[in-house]
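Quick note, the sequences are listed as chains A and B, same order.
Taking this note's numbering, the leading residue of the first sequence gets 1, the next gets one more, and so forth.
Taking this note's numbering, the leading residue of the second sequence gets 352, the next gets one more, and so forth.
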Amino acid sequence: MDWMNVYLPIAGMEFNVGLLLLIGFTVGVCGGFFGIGGAWIVTPALNIFGFPMAYAIGTDLAHMGGKSVVSTMRHGKFGNVDYLLGICMIVGTTTGMEVGARLVMHLEKLGLAESWIRVAYIIFLAFIGSYVLYDYIRFVRSQKLAQSGKEGATPLAKKETLAQRLQRISIPPVVTFKASGVRCSFWLPVLVGFATGIVAAVLGVGGGFIRMPALIYLIGCPTLVAVGTDLFEVMITGAYGAFTYALKGRVELVAAVWMLVGAAVGAQMGTVAVKYVRGYSIRLLFAITIFVALFSVLAKQLGMQMTASIMILAAGITISSVIIILLIKGVVRERQERRKKGQGFAKGDRL
Amino acid sequence: MERLFRESLFARARWLGQLLVFFLLPLPLFAGGKPATMLVNVADTRDLEPGITLFIAQLYNESHYLFALFCIVVMGSVGLALGLLADRLFILLGVHLGRLSHHE
């Protein structure tokens with residue numbers, strides 16, 4: 001497979017283009033679909049194939065910035081990006097990350113950082129995964145009960161959620177976020193961003209997988225808007241991160257461009273796939289992805305570094321395959337609907 | 352009249368605020384985790400043929416600042432171009448790419 005090798009001038013080595021395209025494509029599909037950056041897939045995947053680790057994070061951030069441009073553009077056209085909400089979140093996230101970084105430094109001084117953070121990561125992933133899965137099961141059961149027409153069966157939408165309770169706290173200024181259909185205090189997204197920023201900085205991650213559920217459960221965004229708005233934030237953080245890492249000479253640009261080619265195609269496919277999937281199905285797949293991440297962190301904790309990396313890459317490929325299957329099914333169905341109708345598009349038909 | 356003036360002033364102030372948020376706030380964004388330290392590395396250009404690879408290596412050796420700017424411009428424009436191309440492909444496939452209604 002030497003013919004597929006490309007010379008990376010900054011790292012001073014040859015690397016297989018097919019692998020870069022595959023990794024980029026996989027993380028692109030997952031990123032466009034879930035609204036995450038996907039560094040937790042890319043870094044271990046590059047690690048498996050011997051990519052120099054000195055450049056892994058910077059290269060990942062560079063491709064993430066470009067990939068998020070594709071996804072944000074597409075989600076924006078779908079009406080899934082709430083720019084004002086995204087900006088409010090960024091205000092909170094940046095401050096939160098600074099506080100989180102100081103907390104980590106304090107833990108390092110006490111010699112507790114490594115062990116505490118790993119344990120906190122595991123607990124946090126378990127909590128998010130379980131809650132999203134519980135919410136999905138609750139939704140499905142309530143739908144079934146409502147369909148069966150049993151007495152006392154209340155559709156889930158009629159019960160007050162945590163987000164609705166938080167929206168009622170009207171500390172001025174109260175802002176209407178049009179795209180997400182949310183009216184709440186300006187301070188709500190800022191505080192939610194602040195909290196997710198602290199958690200992300202303490203765990204040492206970008207935070208896309210924390211913000212997406214936070215946007216849904218704490219602010220009350222529809223799932224698709226949460227995905228799109230989170231990607232908007234990932235785009236800005238990715239671009240800024242790529243810039244700072246490149247300044248320090250830690251971006252392998254040729255590798256990043258090849259990864260971006262794969263990721264741009266994948267991101268577009270992942271983003272268009274949300275059109276054919278219900279919000280709650282996205283939440284279910286998201287919960288499964290979080291559990292895979294949890295098991296990989298557990299494997300790392302047990303000293304099985306390579307097993308953890310392989311597990312993440314395999315899971316990434318499997319999940320993106322599922323998303324592509326959903327996309328193909330959706331496209332085929334939409335074309336059939338169009339043919340039947342003779343004209344126009346079938347709107348709002350989802351799996 | 353006064354109300355109109357106040358509204359336009361408020362709109363301008365809001366716009367300025369948004370610009371400030373965009374350009375100033377990302378600065379401490381990557382404070383989380385360990386900061387990247389400067390990597391002292393020189394790309395070997397001796398065996399490279401004239402072309403894009405040689406250009407990238409030379410730019411990297413000459414100035415990390417220009418290299419960082421080049422990275423951002425390249426990644427942004429490649430992302431944009433590929434996004435537009437993929438849009439065209441999906442339209443050719445007959446996929447409707449207009450606004451979606453949000454239902455869970």
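Idealized CB from N, CA, C, for every residue including glycine.
Here the structure is a predicted model, which means the values were calculated and not measured.
CB contact flag (residue i, residue j, <8 Å)
i	j	result
ARG450/B	PHE49/A	no
PHE218/A	ALA179/A	Just to set this straight, residue 218/A is Leu in the shown sequence, not Phe. No, Cβ-Cβ distance for LEU218/A and ALA179/A is not below 8 Å.
GLY434/B	ARG74/A	yes
ILE128/A	ILE290/A	yes
GLY262/A	GLY28/A	yes
VAL251/A	GLY58/A	yes
ILE90/A	GLY18/A	no
VAL70/A	ALA273/A	no
GLY206/A	VAL227/A	no
TRP258/A	VAL6/A	yes
THR72/A	VAL81/A	yes
ALA437/B	GLN268/A	yes
VAL322/A	VAL446/B	no
ALA62/A	ALA246/A	yes
GLY65/A	GLY238/A	yes
ILE30/A	SER320/A	It is Cys, not Ile, that sits at residue 30/A in the sequence shown. The answer is yes: Cβ separation under 8 Å.
VAL225/A	PRO9/A	no
TYR382/A	LYS329/A	Chain A is shown only over 1 to 351; residue 382/A falls outside these bounds and no answer can be derived.
GLY96/A	ILE198/A	yes
ILE282/A	THR223/A	yes
Collapsed DSSP secondary structure at residue i in the structure displayed
i	result
GLU233/A	helix
ARG168/A	coil
GLY129/A	helix
GLU108/A	helix
CYS221/A	coil
SER414/B	coil
PHE209/A	helix
VAL251/A	coil
VAL277/A	coil
LYS159/A	coil
VAL446/B	coil
PRO189/A	helix
LEU375/B	Residue placement at LEU375/B is poorly supported in this model, since its pLDDT is 48, which falls under 50; the coordinates still yield a value, given next. Of the three classes helix, strand and coil, the one that applies to LEU375/B here is helix, per DSSP.
ILE90/A	helix
ILE36/A	coil
LEU399/B	coil
GLY31/A	helix
ASN451/B	First, the residue type needs correcting, since residue 451/B is Leu and not Asn in the sequence shown. Coil.
VAL331/A	helix
VAL81/A	coil
LYS340/A	helix
ILE57/A	helix
GLY238/A	helix
GLY316/A	helix
GLY65/A	helix
GLY270/A	helix
ASP2/A	helix
GLY149/A	coil
LYS347/A	With a pLDDT of only 47 at LYS347/A, under 50, the local geometry of the prediction cannot be trusted, and no value is derived from it.
For residue i, the residue or residues it bridges with in DSSP
i	result
ARG183/A	THR176/A
CA nearest to the CA of residue i, picked from the options
i	options	result
ARG278/A	ALA315/A, GLY181/A and LEU327/A	LEU327/A
ILE423/B	GLY206/A, LEU260/A, GLY266/A and GLU334/A	LEU260/A
SER25/A	GLY35/A, MET13/A and VAL42/A	For clarity, residue 25/A is Phe in the given sequence; the question names Ser instead. It is VAL42/A.
PRO189/A	ILE210/A, ALA214/A and ARG165/A	ALA214/A
VAL352/A	VAL17/A, LYS329/A, ALA267/A and LEU85/A	Any question about residue 352/A goes unanswered here, given that chain A covers just 1 to 351.
VAL312/A	ALA11/A, PRO44/A and ARG333/A	In the sequence as presented, Val is not what sits at residue 312/A; that position holds Ile. Comparing Cα-Cα distances from ILE312/A to each of ALA11/A, PRO44/A and ARG333/A, the minimum goes to PRO44/A.
ALA126/A	ALA287/A, VAL322/A and ARG338/A	ALA287/A
ALA56/A	SER296/A, GLY249/A, GLY100/A and ARG283/A	GLY249/A
GLY35/A	GLY92/A, MET64/A, LYS275/A and MET212/A	MET212/A
ASN412/B	LEU440/B, GLY445/B, ALA432/B and THR396/B	THR396/B
ILE122/A	ILE317/A, LEU302/A, MET306/A and LYS340/A	LEU302/A
LEU20/A	GLY266/A, GLY238/A and LEU166/A	GLY266/A
ALA120/A	ALA201/A, GLY66/A, ASP135/A and ILE169/A	ALA201/A
Run of the beta strand (DSSP E) containing residue i, from where it starts to where it stops
i	result
GLU14/A	13-16
LEU8/A	5-8
First and last residue of the uninterrupted alpha helix (DSSP H) at residue i
i	result
ASN392/B	ASN392/B -> no alpha helix (DSSP H), and no H or E assigned at all.
MET304/A	Looking at the DSSP string, MET304/A is not in any alpha helix (DSSP H), and its letter there is neither H nor E.
ASN47/A	39-48
PHE51/A	Where PHE51/A is concerned, there is no enclosing alpha helix (DSSP H), given that its DSSP letter is neither H nor E.
heavy atom of the ligand SAH below 7 Å from residue i C-beta
i	result
GLU108/A	In the structure shown, the ligand SAH is absent, as is every other ligand, since no ligand is present at all.
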